[in-house]
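Here's the structure we're looking at; comments come further down.
Protein chains: 2
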Amino acid sequence: MARPQTDIEAARSQLLEVVDDLVRQRGSADISMTDLAAAAGMSPSNLYRFFENKEALMEAVAERFFAQKIRVMEEVTSSALPVCEKMYQYFARRFLLMVEQYEADPDLLKSYLEIGNQYFEVVRGYVDLGDHYLALIVAEAMEEGYFEGLSIDQAVSLINQMVQCYTNPDAVIYIGTSKLKVEKLAMIVDTIFAGLNGSASAQIAEESHIKIVS
Amino acid sequence: MARPQTDIEAARSQLLEVVDDLVRQRGSADISMTDLAAAAGMSPSNLYRFFENKEALMEAVAERFFAQKIRVMEEVTSSALPVCEKMYQYFARRFLLMVEQYEADPDLLKSYLEIGNQYFEVVRGYVDLGDHYLALIVAEAMEEGYFEGLSIDQAVSLINQMVQCYTNPDAVIYIGTSKLKVEKLAMIVDTIFAGLNGSASAQIAEESHIKIVS
Chain D
2 MARPQTDIEA ARSQLLEVVD DLVRQRGSAD ISMTDLAAAA GMSPSNLYRF
52 FENKEALMEA VAERFFAQKI RVMEEVTSSA LPVCEKMYQY FARRFLLMVE
102 QYEADPDLLK SYLEIGNQYF EVVRGYVDLG DHYLALIVAE AMEEGYFEGL
152 SIDQAVSLIN QMVQCYTNPD AVIYIGTSKL KVEKLAMIVD TIFAGLNGSA
202 SAQIAEESHI KIVS
Chain W
2 MARPQTDIEA ARSQLLEVVD DLVRQRGSAD ISMTDLAAAA GMSPSNLYRF
52 FENKEALMEA VAERFFAQKI RVMEEVTSSA LPVCEKMYQY FARRFLLMVE
102 QYEADPDLLK SYLEIGNQYF EVVRGYVDLG DHYLALIVAE AMEEGYFEGL
152 SIDQAVSLIN QMVQCYTNPD AVIYIGTSKL KVEKLAMIVD TIFAGLNGSA
202 SAQIAEESHI KIVS
């Protein structure tokens, strides 16, 4: 008889805790299914009942890593906040979560980032999901007349670049939280709403190109 | 009799070429004075006549690495370009140099970045110099009424954060030149000139803080 789904979920969740302990102990060194089974005190064949392969395990690890951030994105985009405030919260709340994670255990965050680089195909879906939620906020702002002359994709790309220090976990590590402040992020989001549009800028790009070539 | 200064300069310059070859061959592995002397086919005591210690050598390596970028910053800040265009050129020309360097030899740039991290006290002076030149452009913009309500330091910090993708060599590596384009940089600089000021944003920061806490 198959175990009820809830038991399976509980066992998976416990196994992800064991993965977390292994990452704390061993850093970003690759964790094999055999390592995990041994650390969890179960046979490899038993482990495969919970994660059918290494990829399924890494997907579950990513899901756990991103869970809180996804909750924030869902909450903020479905809120009734004014759109400028919504964009601020969208970036600020995730930034604060990242800072919290970093300050609690800098080495653990670094290890997860390295694991994320090794399994980037798993992480990519979460990056795209972030862009999807940002596109919802951008579309709402456009309905109110912001970002005139830009497509949603152009605006998403430019906004991502301008707030990159606050979304890239590496930036928290190398720029540091003494320079990265939510107050500054608020001013950057405000600058984006007050200044970002497609009309004037195109000219500069063309002019500048000529000057660079000359 | 002391050698004429020009001979010393020529020998130093040749030795820096030897360092460059060593970095190409060995990556960011630390180069000792003994290694360099051997690679240059001279005795260590002879080498010390050109660089009195390892620190003096690393300073010369940094000077060589940043020379072109400093020339660009000097040229742009002393030019008669309109201030918005000046800021664009200030970032765009250095970004294009970095892309060129990266595309010519990605591994070599990565090795120099790692060496720069190891000798960050040497690099710091160049980072500060970049801020100094940016402050000159910001001050000129303020005279024309831009960035109202911000101090020069605040504006420099916010601008650095908004264009970070285009100044941080790591960003070229992990974001890639398909997403980082001077046309986008031009739109970001334009957004900064159209939207960055200190008055409206302060309110958002305060409001947002309360919402984050709640």
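Line order of the protein sequences matches chains D and W. Under my numbering, the residue at position 157 of the first sequence is numbered 158, and the numbers go up by one with no gaps. Under my numbering, the residue at position 128 of the second sequence is numbered 129, and the numbers go up by one with no gaps. Built from N, CA and C at the ideal position, the CB exists for glycine as well.
For residue i, would you say it is in contact with chain D, using Cβ-to-Cβ distances shorter than 7 Å as the test?
i: Q69/W; result: no
i: T192/W; result: yes
i: Q119/W; result: no
i: Q102/W; result: no
i: V214/W; result: Residue confidence for V214/W is low, a pLDDT of 39 falling below 50, so the modelled location carries little weight; the figure read from the coordinates is stated next. Answer no: the Cβ-Cβ gap between V214/W and chain D never drops below 7 Å.
Could you check if residue i belongs to the surroundings of the ligand COA, using beta carbon to heavy atom distance under 6 Å?
i: A140/W; result: No copy of the ligand COA occurs in the structure displayed, which carries no ligand at all.
Note down the Cα distance separating residue i from residue j, rounded to an integer number of angstroms.
i: M59/W; j: C85/W; result: 35 Å
i: G196/D; j: I71/W; result: 30 Å
i: V20/W; j: I32/W; result: 8 Å
i: C166/D; j: I9/W; result: 43 Å
i: S7/D; j: R50/D; result: Checking the sequence shown, residue 7/D turns out to be Thr, not Ser. For T7/D and R50/D, the distance between alpha carbons rounds to 14 Å.
i: F66/W; j: Q15/D; result: 50 Å
i: R27/W; j: Y147/W; result: 48 Å
i: S215/D; j: A93/W; result: Residue confidence is low: S215/D scores 35 on pLDDT, short of 50, so the model does not pin down where it sits. Its coordinate-derived value is still stated next. Each residue's alpha carbon lies about 14 Å from the other.
i: L114/W; j: L98/W; result: 15 Å
i: E53/W; j: S29/D; result: 41 Å
i: E184/W; j: A12/D; result: 51 Å
i: A63/W; j: V123/W; result: 7 Å
i: L48/W; j: G177/D; result: 39 Å
i: G150/D; j: Q69/D; result: 34 Å
i: P45/D; j: V157/W; result: 56 Å
i: M43/D; j: T35/D; result: 9 Å
i: S152/W; j: S79/W; result: 22 Å
i: L57/D; j: K87/D; result: The sequence as given places Ala at residue 57/D; Leu does not occur at that position. Each residue's Cα considered, the two are about 34 Å apart.
i: K55/W; j: G131/W; result: 25 Å
i: A61/W; j: L37/W; result: 14 Å
i: V139/W; j: V139/D; result: 29 Å
Residue i: which of the options sits nearest, CA to CA?
i: R95/D; options: Q26/D, K182/D, N198/D and G199/D; result: K182/D
i: D108/D; options: T7/D, R25/D, R13/D and Q15/D; result: R25/D
i: K180/W; options: S179/D, I160/D and E184/D; result: I160/D
i: M74/W; options: F66/W, Y91/W, V62/W and F67/W; result: Y91/W
i: V295/W; options: F66/W, A68/W and Y89/W; result: Residue 295/W lies beyond the residue range present for chain W, which begins at 2 and ends at 215; the question has no answer from this structure.
i: A187/D; options: L186/W, T178/W and M163/W; result: M163/W
i: L23/W; options: A11/W, A39/W, T178/W and P45/W; result: A39/W
i: K111/W; options: L37/W, K185/W, Y175/W and E149/W; result: Y175/W
i: D154/W; options: S46/W, G199/W and L37/W; result: G199/W
i: A1/D; options: E18/D, G131/D and K55/D; result: In this structure chain D extends from 2 to 215, so residue 1/D is not present and cannot be described.
Anything in chain D within Cβ reach of residue i, meaning under 9 Å, just list it in chain order.
i: S158/W; result: K180 and K185
Interface residues of chain W around residue i at Cβ under 8 Å?
i: G196/D; result: D191, T192, I193, F194, A195, G196 and L197
i: Q6/D; result: Those do not exist, as Q6/D stays about 36 Å from chain W at its closest Cβ, beyond 8 Å.
Indicate whether at least one CB of chain W lies closer than 7 Å to the CB of residue i.
i: Q162/D; result: yes
i: M188/D; result: yes
i: Q15/D; result: no
i: Q26/D; result: no
i: S200/D; result: no
The region 124–135 of chain W contacting the region 143–150 of chain W, beta-carbon criterion three pairs below 8 Å: At 8 Å Cβ cutoff, the stretches do not touch.
Touching by the beta-carbon criterion (3+ pairs, under 8 Å), the region 176–191 of chain D and the region 107–127 of chain D: no
Cβ contact check for the region 91–103 of chain W and the region 156–171 of chain W: 3 or more pairs under 8 Å: With the cut-off at 8 Å, the region 91–103 of chain W and the region 156–171 of chain W touch.
Cβ contact check for the region 121–130 of chain W and the region 78–93 of chain W: 3 or more pairs under 8 Å: no
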